[in-house]
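Participant:
Here it is, written out as structure tokens:
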């Protein structure tokens, strides 16, 4: 079980699949924002995913065990951000 969790291929694929799922969630939101605010809000899970992959690759150089915790933290953070964006009422914001 530990070899499956620590496999870099599995972690990278899991982060990319989660990125696609969370981007699908955030792209279905009805934004009343104009310009760069709407674009940046839509792409927040992608930025989190890229940052997660960057930290994962850096941690692979330093540590050999428990790198899957970084992937899991990034996956949970992407889902949290996507759900918060999806549940936000953008009609009441300025």
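In our numbering, the protein residues as written are 83 to 176. Even glycine gets a Cβ: it sits at the ideal position worked out from N, Cα and C. Quantities reported herein were computed from a predicted structural model and do not represent experimental measurements.
Please confirm whether residue 104 and residue 127 have their CB atoms less than 7 Å apart.
Facilitator: Along the chain shown, read from residue 1 onward, the residue named residue 104 stands at position 22. Along the chain shown, read from residue 1 onward, the residue named residue 127 stands at position 45. For residue 104 and residue 127, yes; Cβs fall inside 7 Å.
Participant: Taking only three categories from DSSP, how would you classify residue 114?
Facilitator: Stepping through the chain shown from its first residue, residue 114 is reached at position 32. Three-state result, residue 114: coil.
Participant: Considering only residues of the segment 125-152, which uninterrupted alpha helix (DSSP H) runs meet the minimum length of 4 residues and lie entirely inside it, listed in chain order?
Facilitator: Here the runs fully enclosed are 126-144.
Participant: Tell me whether residue 171 sits in a helix, a strand or coil according to DSSP, three-state version.
Facilitator: The residue labelled residue 171 in the question sits at position 89 within the chain shown. It is coil, neither helix nor strand.
Participant: In terms of residue numbering, what span does the alpha helix (DSSP H) encompassing residue 89 cover?
Facilitator: In the chain shown, the residue the question calls residue 89 occupies position 7. Residue 89 -> no alpha helix (DSSP H), and no H or E assigned at all.
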